[in-house]
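**Student:** Residues in the sequence shown are numbered from 1198 upward in steps of one, following this note's numbering. Below: one structure in structure tokens.
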Amino acid sequence: MPWKGVSPLLNRLIIFGRYPEPGRVKTRLIPFLGPAGAAELQRQLTEKVFETARVFSRDKKVQIEFCYDGGTGRKIRYWLGNGIKLTPQGTGGLGDRMARAVFRAFNDEVSRRVLLIGTDIPGLEARHLSEAFNSLDSNDLVLGPSTDGGYWLVGMRHYFNIFKEIPWSTEKVISYTIALAKEAGLKVHLLPALTDIDTAEDISLSGWDKPVPRPPYISVIIPALNEEENILDAIRSAQAPDTEIIVVDGGSTDRTRSMAQQAGVKVIQGPKGRAVQQNMGASIAKGRILLFLHADTRLPVNYLSHIFETFMFPGCVAGAFQFKTDLNNFLMKLIEFGTNIRARYFRLPYGDQALFVHRSTFEHIKGFPEVPVAEDLYIMRRLSKIGRIRIAPADIITSARRWQSSGIIRTTSVHLAVLFGCCMGISSRVLSSMLDN
1198 MPWKGVSPLL NRLIIFGRYP EPGRVKTRLI PFLGPAGAAE LQRQLTEKVF ETARVFSRDK
1258 KVQIEFCYDG GTGRKIRYWL GNGIKLTPQG TGGLGDRMAR AVFRAFNDEV SRRVLLIGTD
1318 IPGLEARHLS EAFNSLDSND LVLGPSTDGG YWLVGMRHYF NIFKEIPWST EKVISYTIAL
1378 AKEAGLKVHL LPALTDIDTA EDISLSGWDK PVPRPPYISV IIPALNEEEN ILDAIRSAQA
1438 PDTEIIVVDG GSTDRTRSMA QQAGVKVIQG PKGRAVQQNM GASIAKGRIL LFLHADTRLP
1498 VNYLSHIFET FMFPGCVAGA FQFKTDLNNF LMKLIEFGTN IRARYFRLPY GDQALFVHRS
1558 TFEHIKGFPE VPVAEDLYIM RRLSKIGRIR IAPADIITSA RRWQSSGIIR TTSVHLAVLF
1618 GCCMGISSRV LSSMLDN
């Protein structure tokens, strides 16, 4: 149905939602999907609503506003792009925040008809928005009932505080709202009922047609060889909800394998060679994200949230953490600084920065090249050709034992030679011989 009514410049569509953060959104779904899985579903639902809103407003020039909670305007702009008015929800209960958003829209000179919708309604189509705006030609209020007794849309052509004294989060929301409107003498139009997603049961009832992001969200793959002194610290740093841990042992002769098994993680045996071991771990991983962690490295606290947020940036295909060692030495600090400059600006992080990548992307590029050295640099160069590499703003702690054993200057010189040799196309076998000498 063609959209009609007053000048399209006098209409506002407010999308009321939250920035996806693991553990902070869709909390009733966390037991079913895990913290990151629930946040991923929130992200997908929000993007779908915005896609529908943009299609609807493209020819009608309705102003879209995202009234958000959590995150920052900068993060949301990176995520959703330009062309959207951004406004924080502010403090107070749900009714107070919604009333404030609608009142503010009516006080703008460009807004004469206002719709407010949520972000968890996969059944929303452009025709629903068209009907809602059109209904305000002859009605004061329009409501989109949800199947749980609430509503997924509210719209009006004159401001009226329809949000006060409503028993939010109950099945009585829509009936109380209609009663309040009739008491005020408002003419109400009802849209078709839709299902918003709050519980596991709602997912199937809503008609959501995308794969549900079930745990594990991240598979942490640890290649190891004679790492009995470090393996438990690496495992403990990786233990988190939504995570599976896979240790791929390359033939250890110490207690590495038994200690990892006692820690309760999955342990498999593979041939010696970090690239081969990492590919073996990836082949049995179940997570959407693969994280490759060296056995002498510890992940930062809340690393899962850092990874989730890294992939919120459009075009990001892989990432890593900031480099730091456990050696408090001035020269080592200079090396850490230089390494982070290289990683951030040249998009070439080393493997001991815990590389992470979407499993689908990893499979597309056919994993790590199974070379004797610099497999991390080779795969980063491949990944940088298909998308962006981002460095998460958190430090990973790597053992400085190599620098202490062979000397800081010598070890760094060898690493730089391997880096330049890799970039110049020198054979990995030749580069490997440099490390053996």
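No residue lacks a Cβ here, since even glycine has one placed at the ideal position from N, Cα and C. Keep in mind the model is a prediction, meaning the values are calculated, not measured.
Below 8 angstroms between beta carbons: does that hold for E1567 and A1472?
**Tutor:** yes
**Student:** Give the straight-line distance between the Cα atoms of S1557 and R1485, rounded to the nearest whole angstrom.
**Tutor:** 8 angstroms
**Student:** Pull up the CB-CB distance for T1635 and G1516, whole angstroms please, since I reckon it's below 8 angstroms.
**Tutor:** A question about residue 1635 goes unanswered here, because the residues of the chain that appear run from 1198 up to 1634.
**Student:** State buried or exposed for G1404, treating a residue as buried only when at least 16 other CB atoms are found within 10 Å of its CB.
**Tutor:** With fewer than 16 other Cβ atoms within 10 Å, it is exposed.
**Student:** Taking the alpha carbon of V1514 as the point to measure from, which residue in M1353, F1559, I1605, G1287 has its own alpha carbon closest?
**Tutor:** F1559
**Student:** How about P1497 and D1592: do their beta carbons lie closer than 8 angstroms?
**Tutor:** yes
**Student:** Report buried or exposed for Y1542, applying the criterion of at least 16 other Cβ atoms within 10 angstroms of its Cβ.
**Tutor:** With fewer than 16 Cβ atoms within 10 Å of its Cβ, Y1542 is classed as exposed.
**Student:** Run through DSSP, which three-state label would P1205 get?
**Tutor:** Residue confidence for P1205 is low, a pLDDT of 44 falling below 50, so the modelled location carries little weight; the figure read from the coordinates is stated next. Note: P1205 maps to helix in three-state DSSP.
**Student:** Three-state secondary structure (DSSP) at G1352?
**Tutor:** strand
**Student:** How big is the Cα-Cα spacing for M1295 and G1341?
**Tutor:** 15 angstroms
**Student:** Should the segment 1572-1581 be regarded as contacting the segment 1524-1538, the criterion being three or more beta carbon pairs within less than 8 angstroms?
**Tutor:** no
**Student:** Report the three-state DSSP secondary structure of T1494 (helix, strand or coil).
**Tutor:** strand
**Student:** Could you have a look at Y1547 and say whether DSSP puts it in helix, strand or coil?
**Tutor:** coil
**Student:** Quick one: what's V1638 bridged to in DSSP?
**Tutor:** The question about residue 1638 has no answer here: the residues shown for the chain are numbered 1198 through 1634.
**Student:** Could you compute how far the alpha carbon of Q1458 sits from the alpha carbon of V1464?
**Tutor:** 6 angstroms
**Student:** Extract the residue ranges of the beta strand (DSSP E) inside the segment 1459-1508, only unbroken runs of 3 or more that lie entirely within it.
**Tutor:** Runs found: 1463-1466, 1486-1489.
**Student:** Beta carbon of F1330, beta carbon of N1476: below 8 angstroms?
**Tutor:** no
**Student:** In the segment 1315-1345, which residue ranges form an unbroken alpha helix (DSSP H) of at least 4 residues, counting only runs that do not cross its ends?
**Tutor:** 1323-1332
**Student:** With DSSP as the reference, label S1401 as helix, strand or coil.
**Tutor:** helix
**Student:** Consult DSSP for T1440 and reduce its assignment to one of helix, strand or coil.
**Tutor:** strand
**Student:** Roughly how many angstroms lie between the CA atoms of Q1286 and P1546, to the nearest whole one?
**Tutor:** 38 angstroms
**Student:** Based on Cα-Cα distance, which residue from I1481, F1303, Y1414, A1376 lies nearest to K1361?
**Tutor:** Nearest option by C-alpha distance: A1376.
**Student:** Is P1285 helix, strand or coil when you go by DSSP?
**Tutor:** The answer is strand: DSSP assigns P1285 an E or B state.
**Student:** Could you work out which residue in V1259, F1213, V1417, A1421 is closest to A1435 when comparing CA atoms only?
**Tutor:** Residue V1417 holds the alpha-carbon nearest to the alpha-carbon of A1435 among V1259, F1213, V1417, A1421.
**Student:** I'd like the list of long-range same chain contacts for F1303, defined as Cβ closer than 7 angstroms, with 5 residues on each side in sequence excluded.
**Tutor:** V1311, Y1356
**Student:** For R1255, does the three-state DSSP call read helix, strand or coil?
**Tutor:** Of the three classes helix, strand and coil, the one that applies to R1255 here is coil, per DSSP.
**Student:** Would W1365 be called buried (16 or more neighbouring beta carbons within 10 Å of its own) or exposed?
**Tutor:** W1365 comes out exposed.
**Student:** Between E1244, A1589, I1586, L1552, which lies nearest to D1573 when the distance is taken from Cα to Cα?
**Tutor:** L1552
**Student:** Within this structure, are the beta carbons of E1322 and T1249 separated by less than 8 angstroms?
**Tutor:** It is a contact, given that the beta carbons lie within the stated cut-off.
**Student:** Tell me, to the nearest whole angstrom, how far the beta carbon of A1635 is from that of T1494; I am working on the premise that it is less than 8 angstroms.
**Tutor:** Since the displayed the chain opens at 1198 and closes at 1634, residue 1635 lies outside it and no answer follows.
**Student:** At the level of alpha carbons, what is the spacing between L1490 and S1596?
**Tutor:** 12 angstroms
**Student:** Give me the residue from N1526, H1555, V1570 with the minimum Cα distance to Q1601.
**Tutor:** N1526
**Student:** When you compare the CB of M1577 with every CB in chain C, is at least one pair closer than 8 angstroms?
**Tutor:** You won't find chain C in this structure, because it holds only one protein chain.
**Student:** Between the Cα of V1299 and the Cα atoms of Y1275, I1261, S1335, L1388, which residue gives the shortest distance?
**Tutor:** I1261
**Student:** Out of H1503, I1415, V1351, L1238, state which residue places its alpha-carbon closest to the alpha-carbon of T1396.
**Tutor:** L1238
**Student:** If you draw a straight line from the C-alpha of E1641 to the C-alpha of E1380, how long is it?
**Tutor:** What is shown of the chain runs 1198 to 1634, which leaves residue 1641 out entirely.
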